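Visitor: After the structure tokens below, expect a handful of questions from me.
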Amino acid sequence: MARSVRLTAVVVQLISGYGVRLSGLPDVTFGMSRQEVLATWSGKRVHRPFVCGMSWSGGIDLTGVDLGVFGDDEQRLGLALISRMTRFYENCREGLLPYEPVVFDDVDLFYWPAAELVDFLRASGRQVTEGVTITRVGRELELWRDPVTACFTSVTFWGPRATLAER
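Note that the sequence shown covers residues 7 to 173 in the working numbering.
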């Protein structure tokens with residue numbers, strides 16, 4: 007199911023228990039402070055996305071995706087939120103504008119139809135709980151899709167020791 011990736015793309019890789027790896031940029035790891043994240047993204051245009059209940063935030067825009075990271079109750083990086091900035095057509099691939107692949111377990115989370123991705127994650131041994139628009143993968147991922155699209159368009163990636171009152 008792996009999708010070949012353009013050589014010039016920044017790949018956003020979600021690594022269980024570790025954090026986010028961006029090809030061409032230093033890693034952003036769970037447990038980092040806000041100051042460490044800002045130093046990591048030095049020279050990039052950083053914005054402040056909002057998620058209710060977070061102690062701090064930082065974000066960068068990549069081609070077609072927005073990456074936000076957020077501080078937990080103990081002021082350390084506890085979750086990342088990655089979203090597609092364009093809409094999918096029904097079959098996920100027609101008319102797809104360029105974007106940076108968002109990879110977990112060697113599969114692009116936003117490229118494949120949700121049903122195929124869920125089957126792949128289950129076959130990989132992941133515990134998957136499906137809802138109408140939100141699919142939870144263990145305690146690590148929450149994937150969201152608009153009810154009229156076939157692909158996921160947003161993922162929340164939880165750190166292993168995130169201390170969040172709302173979790």
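Ideal Cβ positions, reconstructed from N, Cα and C, are used throughout, including at glycine.
These figures come from a predicted structure and were not determined experimentally.
1. Quick check on DSSP: helix, strand or coil for Thr139?
2. Comparing C-alpha positions only, which one of Val71, Gly144, Phe36 and Gly77 sits nearest to Phe116?
3. At 3 residues or longer, and completely inside the segment 46-132: list those beta strand (DSSP E) runs for me, N to C.
4. Which class does Arg27 belong to by DSSP, given the choice of helix, strand or coil?
5. Among the candidates Leu31, Arg51 and Val26, whose CA atom is the shortest distance from the CA of Met38?
6. Can you list, in chain order, the residues of its chain with a C-beta nearer than 6 Å to that of Phe110? Leave out the 5 residues immediately preceding and following it.
7. Within a Cβ cutoff of 7 Å, which residues of the same chain sit near Ser89, ignoring the five residues on either side of it in sequence?
8. Between the alpha carbons of Glu136 and Val18, how many angstroms are there, rounded?
9. For Asn97, does the count of other Cβ atoms within 10 angstroms reach 16, so buried, or fall short, so exposed?
10. Helix, strand or coil for Glu146? Go by DSSP, reduced to three states.
11. If you count every other CB in all the chains shown that lies within 10 Å of the CB of Pro107, and 16 or more means buried, which is it?
12. Is any non-hydrogen atom of the ligand ATP found closer than 8 Å to the C-beta of Arg151, if you look at the structure I gave you?
13. I believe Val34 touches Val43 by the beta-carbon criterion, under 8 Å. Please report the beta-carbon distance rounded to the nearest angstrom.
14. Which residues share a DSSP beta bridge with Ser160?
15. Find the nearest neighbour of Glu80 within the set Pro119, Phe36, Gly65 and Ala120, judged by alpha-carbon distance.
Guide: Considering the structure as presented:
1. coil
2. Val71
3. 63-68, 71-77, 83-90 and 108-110
4. strand
5. Val26
6. Leu20
7. Val71, Asp72, Thr159 and Ser160
8. 24 Å
9. Model confidence at Asn97 stands at a pLDDT of 49, short of 50, so the residue's coordinates are unreliable; what they give is reported in the following sentence. With fewer than 16 other Cβ atoms within 10 Å, it is exposed.
10. coil
11. buried
12. With respect to small molecules bound, the structure shown includes none, and the ligand ATP cannot be examined in it.
13. 6 Å
14. Ser89 and Trp150
15. Phe36
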